[in-house]
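A quick write-up on the structure given underneath.
Numbering (the numbering used here), first residue to last: 1 to 73.
This is how it looks when you write it as structure tokens:
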């Protein structure tokens, strides 16, 4: 599996992890009377940051491929 496919697959799995952490965050807020723990509140941020990096890579990939094709001709 090449790098592009690996990044796409990891982006998909990160989106699942992100969704689950957001659901857990809402559930913790619904169950508890006060403010939930900080680790529950900030749990969605690491997968979100990794999704930002992989998403920016996938966004830029078509533009870099066009530039690479033009330089070879």
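Note that CB positions come from ideal geometry on N, CA and C, so glycine has one too.
Residue 18 is a Cβ neighbour of residue 47, given a cutoff of 7 Å. Around the C-beta of residue 20, fewer than 16 other C-beta atoms lie within 10 Å, and the residue is accordingly described as exposed. DSSP places residue 32 outside both helix and strand once states are collapsed to three, so it counts as coil. With a cut-off of 8 Å on Cβ pairs, the segment 1 to 11 is not in contact with the segment 22 to 37, counting fewer than three such pairs.
Out of 2, 13, 4, 3, the CA that lies nearest to the CA of residue 50 is found in 13.
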